[in-house]
Amino acid sequence: MVFPAELVRMLDRLEGEIRADRVSSESRQWLAQCGLTVEQLEKQV
């Protein structure tokens with residue numbers, strides 16, 4: 001499966017924010033729209 005480049009960039013940025021423990025409000029909003037939380041993704045990273 002190939003994901004759109006924009007989605008890959010967003011997920012890469014989000015992973016970096018999670019690892020740095022500095023998740024932006026924009027990323028939190030995007031996750032909320034997807035029905036996810038930072039805490040859920042932290043378990044995957």
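With the UniProt record's numbering, the residue at position 23 of the sequence shown is 23, and numbering never jumps. Glycine included, each C-beta is placed from N, C-alpha and C at the ideal position.
Secondary structure note for Ala32: its alpha helix (DSSP H) is the uninterrupted segment 25 to 33. Between the alpha carbons of Leu41 and Gln29 lies a distance of about 14 Å.
The shortest CA-to-CA distance from Gln44 to any of Ser24, Gly16, Glu26 is the one to Gly16. The beta-carbon distance between Val38 and Val23, rounded to whole angstroms, is 5 Å. This is short enough to meet the 8 Å contact definition. Under the DSSP assignment, Gln44 falls outside any alpha helix (DSSP H); it carries neither an H nor an E label.
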